[in-house]
Amino acid sequence: VCRAQCGACLLLQERGALGFERHYHVTDPFIRRLGLEAELQGHSGCVNCLEWNEKGDLLASGSDDQHTIVWDPLHHKKLLSMHTGHTANIFSVKFLPHSGDRILITGAADSKVHVHDLTVKETVHMFGDHTNRVKRIATAPMWPNTFWSAAEDGLIRQYDLRENSKRSEVLIDLTEYCGQLVEAKCLTVNPQDNNYLAVGASGPFVRLYDIRMIHNHRKSMKQSPSAGVHTFCDRQKPLPDGAAQYYVAGHLPVKLPDYNNRLRVLVATYVTFSPDGTELLVNMGGEQVYLFDLTYKQRPYTFLLPKKCHTSGEVQNGKTSTNGVSNGIHLHSNGFRLAEGRAHVSPQVELPPYLERIKQQANEAFACQLWTQAIQLYSKAVQKAPNNAMLYGNRAAAYMKRKWDGDHYDALRDCLKAISLNPCHLKAHFRLARCLFELKYVAEALECLDDFKGKFPEQAHSSACDALDRDINAALFSKSDNAEDKKGGGPIRLRATGRKDSISEDEMVLRERSYDYKFRYCGHCNTTTDIKEANFFGSNAQYIVSGSDDGSFFIWEKETTNLVRVLQGDESIVNCLQPHPSYCFLATSGIDPVVRLWNPRPESETLNGRVVVDMEGASQANQRRMNADPLEVMLLNMGYRITGLTSGGAGGSDDEDSSEGQVQCRPS
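Quick note: the sequence shown uses the UniProt record's numbering, first residue 1, plus one each step.
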């Protein structure tokens with residue numbers, strides 16, 4: 001009995017220690033003190049990939065020099081260096097689970113996947129089935145002898161070292177759905193349920209696959225005489241229903257024609273799951289970092305456009321008439337069906353004093369045209385008061401003024417949230433119409449504006465309404481059968497981009513069923529390399545980290561999306577960021593031939609020279625860089641500062657009319 005009690009006590013202590021470690025190993029004070037600890041030198045080329053072992057006492061790196069190095073990062077020592085046998089740049093390196101850190105897998109630009117035994121420093125398996133560059137390798141703890149690769153031939157291949165050491169099998173062939181030009185760039189396995197595989201490829205869509213369903217599909221197809229021998233998917237049939245889910249930032253499919261015209265490429269450069277497997281993080285090349293909630297999924301707002309607004313009653317001065325019925329926009333996304341039934345508008349609950357102070361600070365920042373500062377303050381307040389319509393409405397106004405990539409879509413989301421909380425929110429209704437116009441939903445913007453005028457007739461001839469009315473009618477007059485005109489034809493989001501890619505009907509259906517993001521993180525720049533990572537930092541995923549083309553890496557609070565730290569991590573570009581599994585310890589690499597290690601520095605240590613103090617300026621410059629022409633990017637990379645950069649000038653959106661009036665301009 002005593003032994004059993006002691007054993008139970010030890011187990012409880014271990015669990016308590018693990019819980020304490022998980023909660024406190026990455027905290028805000030640690031983030032504020034994060035600085036450079038050491039540089040690990042040994043490579044002679046760019047370091048393109050990093051990987052911790054499960055215990056966190058080994059770090060593997062792969063480089064353009066075709067070598068892999070295994071480090072003791074805690075003592076800053078090189079333990080092993082070997083040539084991998086690759087003939088081109090290494091892009092991915094992974095420890096095989098349950099191999100005692102003995103087996104290492106590498107993928108490279110020579111289209112090969114190699115398996116190495118570190119104890120004898122030999123390459124024991126070489127796979128040459130891909131026909132283009134191998135960009136990522138993925139492993140799964142539940143399947144210790146199995147791994148996967150993603151390559152630019154559009155294939156996801158699966159390997160099982162127990163069955164066949166010389167051949168892989170095709171798990172997913174993206175070319176069957178997206179044409180021959182599609183390229184797979186990244187993949188990852190859910191750490192809590194290894195049956196789910198996420199894939200990033202060309203274009204804005206991220207794919208989540210159920211491996212079990214694909215395997216079952218393969219077994220059933222084997223009974224057919226036409227089934228292939230070495231493929232999990234019958235080429236004559238699509239994946240079974242439910243085997244794939246797509247995720248996309250709701251505004252990106254509509255923006256795709258504009259991006260293509262400006263030679264701006266959208267491609268997922270990195271995907272990863274949160275430690276608990278409930279969230280998916282994507283670094284979208286050519287755009288921002290996005291987090292998708294896999295549990296509480298939400299449809300993109302712009303997939304389900306406003307339907308005809310039916311007036312069930314009159315609204316005067318922001319208040320319902322005596323019959324208490326309110327009309328509104330039929331945006332059926334995420335539960336916001338605004339036009340039907342009786343409006344139960346509860347009085348706006350006053351904010352607690354400390355949140356009221358934050359709101360006033362945000363309003364002051366807005367008045368000073370410090371849009372990002374205002375957004376961050378509103379976001380901080382929203383996290384504490386998620387049912388306050390005024391905060392969402394004010395933040396929407398700040399997004400619309402800042403005009404970074406995706407800001408108008410986030411503003412649209414905030415407007416809809418504000419209206420769902422307060423159907424009589426005058427400014428949110430008007431801003432919704434403006435957002436629809438800026439997002440190129442011109443006909444829907446006109447319908448929304450007409451609805452606004454009916455609800456708030458005293459505003460029908462305001463300068464803001466007149467200005468938006470002129471903009472909408474001018475746009476409708478100038479459009480005929482433009483590819484961005486959603487009034488005629490099919491949905492823009494499903495149309496081909498003019499390339500010879502052949503999008504299948506099954507692919508179109510999967511895209512139409514896509515889910516939207518939960519959070520968006522802005523400030524970095526990801527246009528120059530296609531291996532740039534973004535990761536969760538902390539076992540509870542409290543922070544988000546990402547590399548950037550400006551040589552810095554960025555750290556955001558996950559829940560508020562606020563930028564909290566920027567550090568200079570490379571002389572040119574930071575591509576890789578791999579957090580330690582259990583310490584506040586971060587490994588980064590990029591163009592420089594070194595691996596850098598970061599941890600909280602002692603309070604007695606002198607000021608860290610790698611801290612980027614002007615985070616707002618760095619973020620603005622990166623937004624400008626993402627929208628710049630090639631010459632301007634070249635000048636920025638050479639260190640020249642481009643004049644004319646303002647906080648409201650980035651993002652490529654048209655300026656709003658300066659005479660928009662109080663209905664939109666000022667926060668509440």
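Think of the CB as a built atom: it goes at the ideal place given N, C-alpha and C, for glycine as much as any other residue.
Please read all numbers here as calculations on a predicted model, not as lab measurements.
Item                                                                                                                             : Value
The region 144-160 contacting the region 107-123, beta-carbon criterion three pairs below 8 Å                                    : yes
Contacts around Pro97, its chain only, beta-carbon distance under 6 Å, and the 5 residues preceding and following it disregarded : Thr139, Pro141 and Pro144
Backbone secondary structure at Thr311 - three-state DSSP                                                                        : Bear in mind that a pLDDT of 33 at Thr311, under 50, signals an unreliable position, so the number given afterwards is only what the model happens to contain. Coil.
Chain-order list of residues whose beta-carbon lies under 7 Å from that of Pro240 (same chain, five-residue window excluded)     : Met213 and His217
Element boundaries [beta strand (DSSP E), containing Tyr378]                                                                     : Here Tyr378 belongs to no beta strand (DSSP E); instead the alpha helix (DSSP H) covers Trp371 to Lys384.
With 16 other Cβ atoms within 10 Å as the buried cut-off, status of Ala108                                                       : buried
Best match in Asp414, Val47, His25 and Ala385 for proximity to Glu350 [C-alpha to C-alpha]                                       : Ala385
Whole-angstrom distance between Trp371 and Arg402, CA atom to CA atom                                                            : 6 Å
Close Cβ partners of Ser502 (< 6 Å) along its chain, the five nearest in sequence each way excluded                              : Gly179
Buried or exposed by the 16-neighbour rule on C-beta atoms within 10 Å, applied to Phe477                                        : exposed
Gln158 at chain B interface by Cβ criterion, 8 Å                                                                                 : Structure shown: chain B not included; a single protein chain is present.
Same chain only: Cβ atoms within 6 Å of Asp72, ignoring 5 sequence neighbours per side                                           : Leu79
Assigned exposure category for Ser548 - 16 Cβ within 10 Å defines buried                                                         : buried
Ile105 - containing alpha helix (DSSP H), residue span                                                                           : That residue, Ile105, is in no alpha helix (DSSP H); its beta strand (DSSP E) goes Ile103 to Ala108.
Length of the line joining the Cα atoms of Val206 and Cys522                                                                     : 19 Å
Residue 669 - partner residues in DSSP beta bridges                                                                              : This structure does not reach residue 669, given that the chain is present from 1 up to 668, and the question cannot be answered.
His67 burial status per 10 Å Cβ neighbour count (16 or more: buried)                                                             : buried
Alpha-carbon to alpha-carbon, Ile211 and Thr528                                                                                  : 32 Å
Local Cβ density within 10 Å of Thr360, reported as buried at 16 or more and exposed below that                                  : Here residue 360 turns out to be Gln, not Thr, going by the sequence shown. Its Cβ having fewer than 16 others within 10 Å, Gln360 is exposed.
Leu426 and Ala389 closer than 8 Å at C-beta                                                                                      : no
Residues near Leu118 in its chain [Cβ-Cβ closer than 8 Å; skip 5 each side]                                                      : Val70, Leu80, Met82, Asp101, Arg102, Ile103 and Leu104
Outcome for Arg167 when other beta-carbon atoms lying within 10 angstroms are tallied against a minimum of 16                    : exposed
Same chain, Cβ closer than 6 Å to Asp592, five either side skipped, listed in chain order                                        : Asp570 and Glu571
Sequence-distant residues of its chain with Cβ nearer than 7 Å to Ile358 (five each side left out)                               : Leu377, Lys380 and Ala381
Nearest candidate by alpha-carbon position, reference Glu287, set Asn195, Asp405 and Ala398                                      : Asp405
As assigned by DSSP and simplified to three states, the class of Gly42                                                           : coil
Reduced DSSP secondary structure (H/G/I, E/B, other) of Phe273                                                                   : strand
Range of the contiguous alpha helix (DSSP H) that encloses Ala249                                                                : Here Ala249 belongs to no alpha helix (DSSP H), and DSSP marks it neither H nor E.
Rounded C-alpha distance that separates Cys435 from Ala411                                                                       : 7 Å
Span of the beta strand (DSSP E) around Gly285                                                                                   : Glu279 to Gly285
Anticipated Cβ contact below 8 Å, Gly277 with Gln192, distance rounded                                                           : 3 Å
Alpha-carbon spacing of Val26 relative to Ser539, whole angstroms                                                                : 8 Å
Leu426 - DSSP class collapsed to helix/strand/coil                                                                               : helix
Where Ala367 falls, given that 16 or more other Cβ within 10 Å makes a residue buried                                            : exposed
Assigned exposure category for Leu181 - 16 Cβ within 10 Å defines buried                                                         : exposed
The alpha helix (DSSP H) enclosing Leu391, as first and last residue numbers                                                     : Ala389 to Arg402
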